[in-house]
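**Student:**
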Amino acid sequence: MQQTRTVELGTGLFALLGMGALLFLTTHATGTDDFDADLTYEVTARFENVGSLRKRAPVAMAGVTIGRVTYIEFDPVSLQAVVTFVIDSRYDQIPEDSDASILTAGLLGSQYIGLTPGGSPEFLADGSELFFTQSAVVLENLIGRFLVRGEQGDTQE
Amino acid sequence: MLAAFRDLYITFVQFVRTFGALQLFLFRLIMHSPGVIFRRFGLVVGQVYNSGALSLVIIMVCGLFVGAVLGLQGFDTLSRFNAEDSVGTFAGFALIKELGPVITALLFAGRAGTALASEIGLMKATDQLSAMEMMGVNPIRRVVVPRFLGGVIAMPFLVAIFSVVGLFGSQLVAVSLLGVDIGAFWQQLQQTLASEDVYEGILKSVVFGGAASLIAVWEGYNSIPTAEGVGRATTRTVVITAITVLIFNFIITAWML
Chain A
-19 MQQTRTVELG
-9 TGLFALLGMG
1 ALLFLTTHAT
11 GTDDFDADLT
21 YEVTARFENV
31 GSLRKRAPVA
41 MAGVTIGRVT
51 YIEFDPVSLQ
61 AVVTFVIDSR
71 YDQIPEDSDA
81 SILTAGLLGS
91 QYIGLTPGGS
101 PEFLADGSEL
111 FFTQSAVVLE
121 NLIGRFLVRG
131 EQGDTQE
Chain B
3 MLAAFRDLYI
13 TFVQFVRTFG
23 ALQLFLFRLI
33 MHSPGVIFRR
43 FGLVVGQVYN
53 SGALSLVIIM
63 VCGLFVGAVL
73 GLQGFDTLSR
83 FNAEDSVGTF
93 AGFALIKELG
103 PVITALLFAG
113 RAGTALASEI
123 GLMKATDQLS
133 AMEMMGVNPI
143 RRVVVPRFLG
153 GVIAMPFLVA
163 IFSVVGLFGS
173 QLVAVSLLGV
183 DIGAFWQQLQ
193 QTLASEDVYE
203 GILKSVVFGG
213 AASLIAVWEG
223 YNSIPTAEGV
233 GRATTRTVVI
243 TAITVLIFNF
253 IITAWML
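For the record, the sequence lines run as chains A and B.
At the far end of the first sequence sits residue 137, using our numbering, and the numbering has no gaps.
At the far end of the second sequence sits residue 259, using our numbering, and the numbering has no gaps.
Below you can see the structure in the form of structure tokens.
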């Protein structure tokens, strides 16, 4: 009798600890700002260069995540990248002339789409396209530009 | 020359045969599993206690110190880039994706796998398994399947406990000893760790648990029924489990990336 009691107590304690640890790992150790909305609407935007933007990258407005990139493809006709992303349906009053730019979180962080509100009375809806876009800043190009400018400065002196 | 080729051929055929027999053995275990779970669940619980609850101490102590050393090493390396705040991310990723499942599986092989193999091997050597068959009791059902299932159930829990204790171990070192901000420690980890990373760890723990338990009961069940044979089965359990787990670890990581 004592034997079974020990076994049952030990097993119960072990299973509770294990489940608690699993719960901790799935809730406390992973990101809490994970975007999951049941109702979303889809918006597309064309970019000259998406840099290292990836699927599931956040779409943020005023620094708050309101959506997520779902699809990135290359348009062979216009030679641009077409980024499709979904926005939580709660945020259905975003002016349709808003500006989408690809930004970087921190100096070397991952890239995300930042929306800056426009002034149009029309709002974004399912299937609409953003026309004002700003490509990703590619660090190499930036450095290259600085180098060129530096050289020009030298010759002018 | 010809003899060498023949030896090689025989070794190869032996290997394929053993591998096939192992598959059939696993198939038999899985076929018997539902019956054992539904009718003799008490046996499984007893084995969860044996391989899980009794391994808790070694798992928690090892997890604490692995986490602590990750905190130390991570802090030392990251402080060269002025990125000490990322020590939580470093320790979390290392523990949850790699070290948690792998080290737990190796410890499990040493602590529970050897116990399973030697127990079943000794039962075979002392003719207990034959006696059961004489009495019309299927030893696979009565002895092997509960031990296999016990290990499979215990492993994911052990891995999760190892990872969590390890995280707190690295927090202890990084925050209390080395002065990393506790908020930065956890917030950086939460920002970068996705649910997929945790699922990868859980998937690994399930696969490793199945592999380690299968190898342990297989070695015990097929051991040569002598004192020497049981000893050899125990050794082989640890060696084969270590190799299998590390190979599977590479395959799963490559697949999940």
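Glycine included, every Cβ here is placed at the ideal spot set by N, Cα and C.
Establish whether the CB of B/Val175 and some CB of chain A are separated by less than 8 Å.
**Tutor:** Taking Cβ atoms only, chain A never reaches closer than 8 Å to B/Val175, which makes this a no.
**Student:** Can you check which of these residues, B/Asn140, B/Gly22 and B/Asp129, is closest to B/Ser35 by C-alpha distance?
**Tutor:** Out of B/Asn140, B/Gly22 and B/Asp129, B/Asn140 has the C-alpha closest to the C-alpha of B/Ser35.
**Student:** What residues of chain B sit near A/Ala(-5), judged by a beta carbon separation below 7 Å?
**Tutor:** Near A/Ala(-5) (Cβ distances below 7 Å), the residues of chain B are Phe159.
**Student:** Grab me the residues of B/Gly65's own chain with a C-beta within less than 6 Å of its C-beta, minus the 5 sequence neighbours each way, in chain order.
**Tutor:** Closer than 6 Å at Cβ, skipping near neighbours: Phe164, Val167 and Gly168.
**Student:** For B/Gly69, count the other beta carbons within 10 Å of its own beta carbon; 16 or more makes it buried, fewer makes it exposed. Which is it?
**Tutor:** Buried: at least 16 other Cβ atoms inside 10 Å.
**Student:** Taking only runs that begin and end inside the stretch 8 to 70 of chain A, name each unbroken alpha helix (DSSP H) of 4 or more residues, in chain order.
**Tutor:** Those alpha helix (DSSP H) runs which fall completely within the stretch 8 to 70 of chain A and span 4+ residues do not exist here.
**Student:** Relative to the C-alpha of B/Ala107, which candidate in B/Trp220, B/Val240 and B/Leu124 has its C-alpha closest?
**Tutor:** Selected option, being the one with the closest Cα: B/Val240.
**Student:** So which residues on chain A does B/Val166 lean against when the C-beta distance must stay under 7 Å?
**Tutor:** Going along chain A in sequence order, the residues near B/Val166 (Cβ under 7 Å) are Ala1, Phe4 and Leu5.
**Student:** What three-state label does DSSP hand B/Thr237 in the structure shown?
**Tutor:** Three-state result, B/Thr237: helix.
**Student:** If we count the other Cβ atoms within 10 Å of its Cβ and call it buried at 16 or more, is B/Met3 buried or exposed?
**Tutor:** Label assigned to B/Met3: exposed.
**Student:** Taking its Cβ as the centre, do 16 or more other Cβ atoms sit within 10 Å of B/Ala5, making it buried, or is it exposed?
**Tutor:** By the 10 Å Cβ count, B/Ala5 comes out exposed.
**Student:** Which ranges would you report for the alpha helix (DSSP H) in the stretch 147 to 176 of chain B if only whole runs of at least 4 residues count?
**Tutor:** Runs of the alpha helix (DSSP H) inside the stretch 147 to 176 of chain B: 147 to 173.
**Student:** Counting only the same chain and skipping the five closest in sequence on each side, list residues whose C-beta sits under 6 Å from that of A/Met41.
**Tutor:** Cβ neighbours of A/Met41 beyond the five flanking positions: Leu95.
**Student:** Is the beta carbon of B/Val208 closer than 8 Å to that of B/Leu31?
**Tutor:** No, Cβ-Cβ distance for B/Leu31 and B/Val208 is not below 8 Å.
**Student:** Using DSSP's beta-bridge definition, name the partner residues of A/Phe6.
**Tutor:** A small fix is needed here, since residue 6 of chain A is Thr in this sequence, not Phe. Answer is none; A/Thr6 lacks a bridge partner.
**Student:** Measure the CB-CB distance between B/Val161 and A/Thr6 and report whether it falls below 8 Å.
**Tutor:** Cβ distance not < 8 Å, so B/Val161 and A/Thr6 don't count as in contact.
**Student:** If we ignore side chains and look at the alpha-carbon of each, how far apart do A/Phe4 and B/Lys99 end up?
**Tutor:** Spanning the two alpha carbons is a distance of roughly 15 Å.
**Student:** Which residues share a DSSP beta bridge with B/Thr228?
**Tutor:** B/Thr228 pairs with nothing; no bridge assigned.
**Student:** Checking 8 Å against the spacing of the C-beta atoms, do B/Leu80 and B/Val89 come in under that value?
**Tutor:** In this structure, B/Val89 lies closer than 8 Å to B/Leu80 by Cβ.
**Student:** So which residues of chain A does B/Ser215 contact, with C-beta pairs closer than 8 Å?
**Tutor:** Per Cβ cutoff of 8 Å: no residues; B/Ser215 is ~16 Å from chain A at best.
**Student:** What span of residues does the alpha helix (DSSP H) with A/Gly94 cover, start to end?
**Tutor:** Premise fails: A/Gly94 lies in the beta strand (DSSP E), Gln91 to Thr96, not in any alpha helix (DSSP H).
**Student:** Identify the continuous alpha helix (DSSP H) that holds A/Gln114 and give its terminal residues.
**Tutor:** Here A/Gln114 belongs to no alpha helix (DSSP H); instead the beta strand (DSSP E) covers Phe112 to Gln114.
**Student:** Less than 6 Å between C-beta atoms, sequence neighbours within five positions excluded: which residues of the same chain meet that for A/Ser115?
**Tutor:** The answer, listed in chain order, is Phe27, Glu28 and Asn29.
**Student:** Any C-beta of chain B sitting closer than 8 Å to the C-beta of A/Ala37?
**Tutor:** For A/Ala37, the answer is no, since every Cβ of chain B falls outside 8 Å of its Cβ.
**Student:** Give the residues from the stretch 195 to 206 of chain B that approach chain A closer than 8 Å (Cβ to any Cβ), ordered along the chain.
**Tutor:** Those would be Leu195, Ala196, Ser197, Asp199, Val200, Gly203 and Ile204, in chain order.
**Student:** What three-state label does DSSP hand B/Asp183 in the structure shown?
**Tutor:** Here B/Asp183 sits in coil by DSSP.
**Student:** Using a C-beta to C-beta distance shorter than 7 Å, which residues of chain B count as neighbours of A/Val23?
**Tutor:** Chain B residues near A/Val23: none, gap ~24 Å exceeds 7 Å.
**Student:** Where A/Arg36 and A/Leu(-3) are concerned, what is the direct C-alpha to C-alpha distance, given to the nearest angstrom?
**Tutor:** Spanning the two alpha carbons is a distance of roughly 33 Å.
**Student:** Closest to B/Ala111 by CA distance: which of B/Val15, B/Phe150 and B/Ala85 is it?
**Tutor:** Closest option to B/Ala111, Cα to Cα, is B/Phe150.
**Student:** Whole angstroms are fine: how far does the CA of B/Asn52 sit from the CA of A/Thr(-9)?
**Tutor:** Between A/Thr(-9) and B/Asn52, the C-alpha separation is close to 9 Å.
**Student:** Does the distance from the C-beta atom of B/Ala213 to that of B/Ser225 stay below 8 Å?
**Tutor:** Result no, Cβ atoms of B/Ala213 and B/Ser225 do not sit closer than 8 Å.
**Student:** Would you list the one or two residues that DSSP bridges to A/Glu109?
**Tutor:** Answer is A/Thr24, bridged to A/Glu109.
**Student:** In chain A, which residues lie with their C-beta within 8 Å of the C-beta of B/Leu169?
**Tutor:** Those are Ala9, listed as they occur along chain A.
**Student:** If you draw a straight line from the alpha carbon of B/Glu202 to that of A/Ser90, how long is it in whole angstroms?
**Tutor:** The straight-line gap from Cα to Cα measures roughly 21 Å.
**Student:** DSSP state of B/Ala119, grouped into three classes?
**Tutor:** Helix, per DSSP.
**Student:** Going along chain A in order, which residues have a C-beta closer than 8 Å to the C-beta of B/Gln25?
**Tutor:** Within chain A, no residue comes near B/Gln25; the closest Cβ sits about 29 Å away, beyond 8 Å.
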